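Asks: Supplied in structure tokens, the structure appears directly below.
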Amino acid sequence: MTGTSPAVVSASKLGLTFQTNDGPVQALSNVDLTIGKREFVSFIGPSGCGKTTLLRVIADLEKPTSGTISVNGMTPEQAREKRAYGYVFQAAALFPWRTIERNVGLPLEIMGLSKAEQAQRIKRTLDLVNLSGFEKKYPWQLSGGMQQRASIARALAFDADLLLMDEPFGALDEIVRDHLNEQLLELWGSTNKTICFVTHSIPEAVYLSTRIVVMSPRPGRVSDVIESTLPKERPLDIRETPEFLAIAARVRDGLRAGHSYDD
Amino acid sequence: MDSFRDKLVPVTSILAGVVVLWYVFAVILNTPFQRDLDRRAGETPALSEFIGKTLSQPKPTLPAPHQVAVNFFENTFLRSVTSNRSLVYNAWVTLSSTLLGFAFGTALGIIIAVGIVHVATLDRSLMPWIIASQTIPILAVAPMIIVVLAAIGITGLIPKAMISTYLSFFPVTVGMVKGLRSPEIMHLDLMHTYNASASQTFWKLRVPASVPFLFTSMKVAVAASLVGAIVGELPTGAVAGIGAKLLAGAYYSQSIDIWSALVAGSVVAALLVMVVGIAGRIVDRAMGGRPA
Chain A
320 MTGTSPAVVS
330 ASKLGLTFQT
340 NDGPVQALSN
350 VDLTIGKREF
360 VSFIGPSGCG
370 KTTLLRVIAD
380 LEKPTSGTIS
390 VNGMTPEQAR
400 EKRAYGYVFQ
410 AAALFPWRTI
420 ERNVGLPLEI
430 MGLSKAEQAQ
440 RIKRTLDLVN
450 LSGFEKKYPW
460 QLSGGMQQRA
470 SIARALAFDA
480 DLLLMDEPFG
490 ALDEIVRDHL
500 NEQLLELWGS
510 TNKTICFVTH
520 SIPEAVYLST
530 RIVVMSPRPG
540 RVSDVIESTL
550 PKERPLDIRE
560 TPEFLAIAAR
570 VRDGLRAGHS
580 YDD
Chain B
203 MDSFRDKLVP
213 VTSILAGVVV
223 LWYVFAVILN
233 TPFQRDLDRR
243 AGETPALSEF
253 IGKTLSQPKP
263 TLPAPHQVAV
273 NFFENTFLRS
283 VTSNRSLVYN
293 AWVTLSSTLL
303 GFAFGTALGI
313 IIAVGIVHVA
323 TLDRSLMPWI
333 IASQTIPILA
343 VAPMIIVVLA
353 AIGITGLIPK
363 AMISTYLSFF
373 PVTVGMVKGL
383 RSPEIMHLDL
393 MHTYNASASQ
403 TFWKLRVPAS
413 VPFLFTSMKV
423 AVAASLVGAI
433 VGELPTGAVA
443 GIGAKLLAGA
453 YYSQSIDIWS
463 ALVAGSVVAA
473 LLVMVVGIAG
483 RIVDRAMGGR
493 PA
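Chains as they are written, first to last, in our numbering: chain A, 320 to 582; chain B, 203 to 494.
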């Protein structure tokens, strides 16, 4: 798929079972997946299909109970300790007592960068997400879309090559979401990053991704992997083209197949 | 300011109601003694004159509001602040041990809370004792603290302050445990993805998140501190302080003095709670709090 470049994420027979009061719940089972450098991979599926869990395993926020996974050739824990990835949550998760610039600077402070280096990186990433001029604002003074952009800036600020995004635009309205999707593609095109993106929106997944991983629930597993044939340049109206609709149809079929037992 | 105006009318109406009720009860409660006096003197005053007399006894069962107000005014503004009959002097004596005890209590409360949040053993072992400590009647403990400390040569401000500490650390501990545990899972996960150390998570996330909880519990703690200081003055035969005034008033049946000392105590309590509230609002604003 990605030729000779080493895999950024490589999972084999990955499984995760949560022990709950109602007995064990299998969140992931037998997931095989390789993500190469500079890919934009979307994980799509109904709720409970383990897409967020998979992202959290990559981020070392959950430990797998079977199988193996490596991130940049290391265990997820080592990768986290090396700050190999930036993580964007469903909500902006900004600290309300910090201004936007100090929120973006939080990971830089924790890494112990010099003040000058921090200031320079904050400026660069805020420019990248079009938030220049809002440095001194507090989160509550910004709209939901701007807050989410600030949280993306925070994830970009420490220059990890891997960006993990867990339904980052799920809580936003469609117009803002379209706009941010466009900006995200632009950002990906200009920064050399590998992006793993969890979503439950078919158009969003098809529009953004180079590869779409369709997942199905009970237990969470990969039911289809779809390579996108869309060009790199993607204006918003590409979503009306037959090519786009064909990929979307395949994703929909994949999702339906995963649901077949429901009938 | 709007909230102030919104509250002004309801609060004043309640106050007016209380004053009216107070006068009614003052007349009712002081009537038996006044009737006794009049019978002995062989007088049969008209109703209006009788009511006037019930409201101007020197040692009434329940003093009328204006008697308390006059006594409070005289002892607050007309006396030299160094006189031991001055309410300002007595309030200051109580206030100084209140503040010392409050400072100790807040510090102790925070330290215990940090321990409880970070050390699982302390969480399980300490919390039941802390709760039990507050079920012990402070009136029973206060004399013992004072006697024991006097035996080892500690007298004056410190023993009273310790009783304030005893009462005020509890709300701070409970509030800060809650505050330090208040960060959302998402914020904690975020710190985890940055590979932040425990101390970084503590200073950059837990501490700022706990600040609103700290000020809320400090408001309760400062009022408790004042109660502690007054209680600390009761069993010691303290010569000065609001507690001493209350006790002296009770000995000599100076009911007006008791009530005006009570008013002084309430004023001090209200001021303390207000100062903590204002400090809390200033800190909140400095931390980017959304104006209410």
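Don't be surprised by glycine CBs; every beta carbon is placed ideally from N, CA and C. Owing to the predicted nature of the structure, the values given are computational and were not obtained by experimental measurement.
(1) Does the CB of residue 392 of chain B have a neighbour CB from chain A at under 7 Å?
(2) Measure from the alpha carbon of residue 360 of chain B to the alpha carbon of each residue in B/450, B/347 and B/485, then state which is nearest.
(3) Should residue 337 of chain A be flagged as near chain B, meaning a C-beta pair shorter than 7 Å?
(4) According to the neighbour-count rule (16 or more other Cβ atoms, all chains shown, within 10 Å of its Cβ), is residue 501 of chain B buried or exposed?
(5) Would you report the Cα separation of residue 399 of chain A and residue 396 of chain B, rounded to the nearest angstrom?
(6) So is residue 459 of chain A buried or exposed if we call it buried at 16+ other beta carbons inside 10 Å?
(7) From the DSSP output, which residues share a beta bridge with residue 423 of chain A?
(8) Tell me the DSSP secondary structure of residue 460 of chain A in three-state form.
(9) With DSSP as the reference, label residue 511 of chain A as helix, strand or coil.
(10) What runs of the alpha helix (DSSP H), each 4 residues or longer, lie entirely inside the region 405 to 449 of chain B?
(11) For residue 361 of chain A, report the span of its alpha helix (DSSP H) as first-last.
(12) Am I right that residue 583 of chain A and residue 346 of chain A are in contact with their C-beta atoms under 8 Å? What's the rounded C-beta distance?
(13) Going along the region 416 to 430 of chain A in order, which residues come within less than 9 Å of chain B, judged by CB to CB distance?
(14) For residue 533 of chain A and residue 362 of chain A, what's the separation of their Cα atoms in angstroms?
(15) So, for residue 465 of chain B: in the same chain, excluding its five sequence neighbours on each side, which residues have a beta-carbon less than 7 Å away from its beta-carbon?
(16) How about the region 368 to 375 of chain B and the region 307 to 326 of chain B: do they share at least three Cβ pairs that are nearer than 8 Å?
(17) Which class does residue 323 of chain A belong to by DSSP, given the choice of helix, strand or coil?
(18) Would you say residue 362 of chain A lies against chain B (beta-carbon separation less than 7 Å)?
(19) For a quick check, are the C-beta atoms of residue 168 of chain B and residue 458 of chain B less than 7 Å apart?
(20) Under a CB-based cut-off of 7 Å, is residue 482 of chain A close to chain B?
(21) Under 8 Å, with one C-beta from each stretch per pair, do the region 423 to 440 of chain A and the region 465 to 480 of chain A reach the 3-pair mark?
(22) Taking residue 173 of chain B as the reference, which of B/283, B/425, B/209 and B/364 has the closest Cα?
(23) Buried or exposed, going by whether 16 or more other CB atoms sit within 10 Å of the CB of residue 268 of chain B?
(24) Are the beta-carbon atoms belonging to residue 518 of chain A and residue 356 of chain A less than 7 Å from one another?
(25) Tell me the DSSP secondary structure of residue 393 of chain A in three-state form.
(26) Considering only their Cβ atoms, is the gap separating residue 470 of chain A from residue 403 of chain A smaller than 7 Å?
(27) Can you tell me which of A/405, A/392, A/485 and A/509 puts its alpha carbon nearest to the alpha carbon of residue 478 of chain A?
Replies: Reading from the atomic positions:
(1) yes
(2) B/347
(3) no
(4) The question about residue 501 of chain B has no answer, for chain B in this structure spans 203 to 494.
(5) 7 Å
(6) exposed
(7) Residue 423 of chain A pairs with nothing; no bridge assigned.
(8) helix
(9) coil
(10) 409 to 435
(11) Careful: residue 361 of chain A lies outside any alpha helix (DSSP H), inside the beta strand (DSSP E) at 359 to 363.
(12) Since the displayed chain A opens at 320 and closes at 582, residue 583 of chain A lies outside it and no answer follows.
(13) 416, 417, 418, 425, 426, 428, 429 and 430
(14) 6 Å
(15) 270 and 274
(16) yes
(17) Its pLDDT being 49, under 50, residue 323 of chain A is placed unreliably by the model, and the measurement read from it follows with that caveat. Here residue 323 of chain A sits in coil by DSSP.
(18) no
(19) Since the first and last residues shown for chain B are 203 and 494, residue 168 of chain B lies out of range.
(20) no
(21) yes
(22) Past the edges of chain B, shown from 203 to 494, lies residue 173 of chain B, and the structure says nothing about it.
(23) exposed
(24) no
(25) strand
(26) no
(27) A/405
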